[in-house]
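In this note's numbering, the protein residues as written are 393 to 495.
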């Protein structure tokens, strides 16, 4: 993944992608005189993530697979996502019932 943040929370998301989750690279915002990121910088990022061999590309793929597997486990029946959603819905239902019971 190539992160090309422009404003607001995109800067934080780009840092998470590159530094924390290690599943992509961030475009360096050293801009040209006219305020644009040069094409060679975008090419550098694309080359890093798209190369079929190389340490960086292999690391990115390995980390992406790890996060994919974690997400799949969380989303399956009995996974943490399902359990958390059920707990949330139970809580909402309980509060709704109490509100209508005591009116």
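Quick reminder that beta carbons are idealized off the backbone N, C-alpha and C, glycines included.
Member of the options whose CA lies at the smallest distance from the CA of residue i
i: residue 459; options: 395, 408, 403, 404; result: 408
i: residue 499; options: 425, 420, 442; result: Any question about residue 499 goes unanswered here, given that the chain covers just 393 to 495.
i: residue 452; options: 417, 405, 492, 481; result: 417
i: residue 415; options: 449, 428, 481; result: 449
Per DSSP, cross-strand counterpart(s) of residue i
i: residue 418; result: 395
Extent of the continuous alpha helix (DSSP H) to which residue i belongs
i: residue 485; result: 472-494
i: residue 411; result: Neither: residue 411 is in no alpha helix (DSSP H) and is coded neither H nor E.
i: residue 401; result: Premise fails: residue 401 is in no alpha helix (DSSP H) and is neither H nor E.
i: residue 465; result: 447-467
i: residue 439; result: 431-442
Buried versus exposed, by CB contacts within 10 Å (16 or more), residue i
i: residue 467; result: exposed
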